[in-house]
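Participant: Before I ask anything, here is the structure I am working with.
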Amino acid sequence: MIQIDLQSRVPLYEQLQEQIIRLSMLGILDENQQLPSVRALAREVGVNPNTVAKAYQQLEQQGIIYTVSGRGSFVSPDVLSLQSLRQAALQEVLDAVDKALSRGVSPQQLLDAIRQQLDSLSPCNQGGTQDD
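Taking this note's numbering, the leading residue of the sequence shown gets 6, the next gets one more, and so forth.
Structure, rendered in structure tokens:
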């Protein structure tokens with residue numbers, strides 16, 4: 006379910022965070038669903054348990070997951086946290102569009118690049134909802 010790219014420049018803990026957020030936003034991980042233990046997930050994806058612990062800690066700080074002592078970590082039912090992450094992601098896209106336009110990229114080039122990127126994604130990676 007969770008996959009990381011060991012060749013990526015993105016730190017492993019950030020990849021784990023993004024995967025858990027994506028799975029939550031897509032509804033693959035349900036509200037209050039228990040996540041794998043730190044050790045189990047570390048074994049599953051082949052990373053150090055400290056890497057998973059760091060990802061979980063940061064996700065908890067963002068309100069994406071919560072931890073119950075002695076029971077584990079769970080997906081937070083806090084929809085507002087996920088909505089704010091979506092808004093932040095959209096704002097990043099808008100900022101990138103502004104930057105590209107200011108550097109001479111034409112609107113058509115932007116549209117073509119966005120279409121190409123969307124077409125290259127598998128259907129399960131095309132998350133989000135129409136009502137955001």
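For each residue, glycine too, the CB sits at the ideal point set by N, CA and C.
Report, in whole angstroms, the separation of the C-beta atoms of Leu90 and Ile26, which I expect to be a contact under 8 Å.
Facilitator: Confirmed, Cβ separation roughly 6 Å.
Participant: Which residues share a DSSP beta bridge with Gly77?
Facilitator: Per DSSP, Val73.
Participant: Which class does Glu19 belong to by DSSP, given the choice of helix, strand or coil?
Facilitator: It is helical.
Participant: Residues in its own chain within less than 6 Å of Val52 by CB, not counting five upstream and five downstream?
Facilitator: Excluding residues within five positions, the ones whose Cβ falls inside 6 Å are Leu17.
Participant: Contact check, Leu21 vs Thr56 under 8 Å by CB: the rounded distance?
Facilitator: Contact flag correct, Cβ pair sits at about 7 Å.
Participant: At a cut of 8 Å, does the segment 69-86 reach the segment 97-115 through at least three beta carbon pairs?
Facilitator: As far as the Cβ criterion goes, the segment 69-86 does not touch the segment 97-115, which means the pair count is below three.
Participant: I'd like to confirm the pairing. Which residues does DSSP put opposite Gln39 in its beta bridges?
Facilitator: DSSP output for Gln39 lists Phe79 as bridge partner(s).
Participant: Got a sec, what are the start and stop residues for the alpha helix (DSSP H) Val57 sits in?
Facilitator: Pro54 to Gln66 is the extent of the alpha helix (DSSP H) around Val57.
Participant: Can you find the residues in the same chain that come closer than 8 Å, C-beta to C-beta, to Gln63, ignoring five residues on each side of it along the sequence?
Facilitator: Result list for Gln63: Tyr18 and Gln22, in chain order.
Participant: What are the boundary residues of the alpha helix (DSSP H) that Gln114 is part of?
Facilitator: Note, Gln114: alpha helix (DSSP H), Pro112 to Ser125.
Participant: According to DSSP, is Gly133 helix, strand or coil?
Facilitator: Note that Gly133 has pLDDT 49, beneath the 50 cutoff, so the model's placement of it is unreliable and the number below is only indicative. If DSSP states are grouped into helix, strand and coil, Gly133 belongs with coil.
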